[in-house]
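Per the UniProt record's numbering, the sequence shown runs over residues 1 to 336.
All residues carry an ideal CB built from backbone N, CA and C; glycine is no exception.
Beneath this line is the structure, given in structure tokens, with notes to follow.
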Amino acid sequence: MQENIKRLLKDCFAHLGQQALYESKEKSYLVQILKQQPDKLYEIGEGQFVGEMLILEAICNKLREEIPAIQTCEVYPTIRREIVAPALFVELVSLETGKDPGTEELALRARFEARVVVDSTVENASIIVRSLAAEVARVVNKNTWDVKNVSAGEFISAGGDDFKPELDAYLVWLVEWVHEVHTGQSMWSETELNRKLANIVRIGVVKEIDYEKARVRVKIGEILTDWLPWITSKAGKDRDWSPPDIDEQVMVFSPLGELSLGVVLPAIYQEKYPPPENKKEINSVKFQDGTKLSYNQEKHHLKIDVVDKITLQVGKSSIEITKEGIKLKAQRINLN
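Rendered as structure tokens:
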């Protein structure tokens, strides 16, 4: 993903004749790249727009609107040979880790600079440049530029700037401020929230079983889950063991809507494997080899129908029942 973004940014800067700028700012790849039309943004990734994140053009538009004296506002360092002053040049200078918003988005603290440029030969140039810098500070402070996922601006400082040789013929003041910006898919966005809600409870069929680790993989539509544990009735000092079968229909419960965190609850009847009984007074278990255990509550009758053999054992005493007969084994047998 990052390499795709870098490639697209490189192409965009080349299109604008700013290859050198790209090479110097490659790590700041989350920059708003505009085509020749300012309202057209380059789309990067799956439906995510760089313009939603970094807001240079929106800043220029707002500053021009709020400060009519500004004749030029451009994204620095695109400085024309002939500047129509007073002018503003806006630049994103750094990105640092911001405060985690708790939405699974990437939080960035973006620092911006705006250079206020005034012709040094005009009357009261030093006063004009300071006055315009104060106006810029007023506009940027608490401003979100009407861009989503951008916090209100926080003014940092303003002062003279003598470090741009291309602006030596002008008086320049530098205004600095920061924004918190969030990029990526929010876990609370409508699309993501709908996906998570849909995944909280899903129905599927068991396709793979790891008996040693008591895990299964479940097919839900076209999705095959990771290895997930299944729910059993007892799993403490008292434990039972009744693993699901291949193609058994189950429910998957996923905390936070994440299938990777899911647990599997067996089981749901289906056309392929219907209920073994249809009477309310009977409780029964039927095994795939034909063995069946059933209890009729009305008749108080427990019936065990076994294909091969039943063994009851207490210590060294045992009863073995097969088709051929009954074998009793004990130190003493009492028949009353």
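{"query": "Just to confirm, are Val285 and Asp247 a CB contact at a threshold of 8 Å?", "result": "no"}
{"query": "What residue from Lys329, Thr97, Asp305 and Val93 has the CA that sits closest to Lys316's CA?", "result": "Lys329"}
{"query": "Going by the CB atoms, is the gap between Val136 and Ile83 shorter than 8 Å?", "result": "no"}
{"query": "Would you list, in sequence order, the uninterrupted alpha helix (DSSP H) runs of no fewer than 4 residues that lie entirely inside the stretch 124–209?", "result": "125–140 and 190–200"}
{"query": "Quick one: residues in its chain with C-beta nearer than 6 Å to the C-beta of Val175, no 5 flanking neighbours on either side, listed in chain order?", "result": "Ala114, Ala133, Val136, Ala137 and Ala158"}
{"query": "Rank Val264, Thr291 and Gln297 by C-alpha distance to the C-alpha of Lys279 and give the top, closest one.", "result": "Gln297"}
{"query": "Grouping DSSP H, G and I as helix and E and B as strand, with all else coil, what is Glu320?", "result": "strand"}
{"query": "Given Glu320, which residues of its chain have a CB within under 6 Å of its CB, disregarding the five upstream and five downstream residues?", "result": "Thr311 and Lys327"}
{"query": "Ignore the nearest five residues each way along the sequence and tell me which others in Cys73's own chain have a CB closer than 6 Å to its CB.", "result": "Cys60, Leu63, Arg64 and Leu88"}
{"query": "Which residue from Pro86, Thr322 and Ala198 puts its Cα closest to that of Ile128?", "result": "Pro86"}
{"query": "Look at the Cβ atom of Thr291, then the Cβ atom of Val307, and state whether they are nearer than 8 Å.", "result": "yes"}
{"query": "Check whether the Cβ atoms of Pro266 and Val250 lie closer than 8 Å to each other.", "result": "yes"}
{"query": "Whose C-alpha, out of Gln288, Gln313 and Val314, is nearest the C-alpha of Asp305?", "result": "Gln288"}
{"query": "Among the candidates Ala169, Val139 and Glu281, whose CA atom is the shortest distance from the CA of Ile67?", "result": "Val139"}
{"query": "Shorter than 7 Å, the distance from the beta carbon of Glu96 to the closest heavy atom of the ligand SAM, or not?", "result": "In the structure shown, the ligand SAM is absent, as is every other ligand, since no ligand is present at all."}
{"query": "Thinking Arg239 and Leu228 are a contact (beta carbons under 8 Å), I'd like their distance in whole angstroms, please.", "result": "That pair is no contact at about 19 Å."}
{"query": "In whole angstroms, what is the alpha-carbon distance linking Val122 and Asn149?", "result": "41 Å"}
{"query": "Would you give the residue range spanned by the alpha helix (DSSP H) that Ile59 belongs to?", "result": "Leu56 to Glu66"}
{"query": "In chain order, what residues of the same chain have a beta carbon less than 7 Å from the beta carbon of Val201, not counting five sequence neighbours either side?", "result": "Met251 and Phe253"}
{"query": "Return the first residue and the last residue of the beta strand (DSSP E) that Tyr295 is part of.", "result": "Lys292 to Asn296"}
{"query": "Quick one: grab the DSSP three-state call for Leu335.", "result": "coil"}
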